[in-house]
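Below is one structure, written out as structure tokens; comments come after it.
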Amino acid sequence: MIEILNPAELARAREAGALVAGILQTLRSRSAVGTNLLDIDRWTKDMITEAGAQSCYVDYAPSFGRGPFGHHVCTSVNDAVLHGRPHDYALADGDLLSLDLAVSLGGIVADSAVSFVVGGSEPPESLALISATERALSAGIAAAGPGARTGDVSAAIGAVLGGAGYPVNTQFGGHGVGSTMHQDPHVSNTGRPGRGYPLRPGLLLALEPWVMADTADLVTDADGWTLRSATGCRTAHSEHTIAITDDGAEILTAPERARV
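When we follow the numbering used here, the leftmost residue of the sequence shown carries the number 47, and every step to the right adds one.
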């Protein structure tokens, strides 16, 4: 299913994006050495509930997971990169934490992810991974607009990730959003320009570059959800929901839009 939103729906999408951005900013500010991942999940639940919104994750049960997910935010640490299920773990100095959040507000979904290092340490490998995903996300957004195709966005993302020397996994990538969290079109993190679905105003896309330092292979935890690098290397993940407009792309989950 591919949805094209009307102006009223786009206004609600902006509200959903601002909420997601605000929650992620709050979680980032609270995530310190000693913070438990289960506390992060509890804080997320409280903020979603207070906003009158709904979690997209609690009842999420796709074919690739051991559903339902049962939590409100994905918390992926170090070698975990996607779908990190919150568990009893206290963050340590230098941990690379990725938070991925999708929320429905007013019947429209926004989805975003951020990666950062916890505490005062600044491991160069971790910072390089985070930088690559952020730069790839910016490149993908710059390539999105009316008349462009999904392949143009994928190629822009892949050029940054590959240019930084990272292998690119194509099992999971960006996707359409709207009244539900995961819709067509799929937006791979590498691809060929000029191919794929043509973008048009009113389309929402969640673009999400993610990388692992030295492999493109994933392994799944015993929890049936958390995806880790096959080699145990560190990972990073960045994501924004964007709306295709008449003259480009609007970032709905940008930090400056944040509200909680």
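Glycine included, every Cβ here is placed at the ideal spot set by N, Cα and C. Quick caveat, the model's predicted, so the values are computed rather than measured.
- Bridge pairing for Asp139: absent [DSSP].
- Taking the C-beta atoms as reference points, Cys279 is found no nearer than 8 angstroms to Thr291.
- Among the bridge pairs identified by DSSP, Thr261 is matched with none.
- Going by DSSP, Thr291 is part of no alpha helix (DSSP H) but of the beta strand (DSSP E) stretching over 286-291.
- Using a Cβ distance threshold of 8 angstroms, Leu143 and Val123 count as a contacting pair.
- Distance from Gly219 to Glu254 at the Cβ level is roughly 7 angstroms; contact confirmed, criterion being Cβ atoms closer than 8 angstroms.
- Taking 8 angstroms as the cut-off, the Cβ atoms of Thr277 and Ala67 do not count as close.
- Taking the Cβ atoms as the reference, Trp271 lies roughly 4 angstroms from Arg131, within the contact range of under 8 angstroms.
- Take the alpha-carbon of Leu65 and the one of Ser150: they are about 10 angstroms apart.
- Note on Asn52: under 16 other CB atoms within 10 angstroms of its CB, so exposed under the neighbour-count rule.
- When only Cα atoms are considered, Arg303 and Arg74 end up about 16 angstroms apart.
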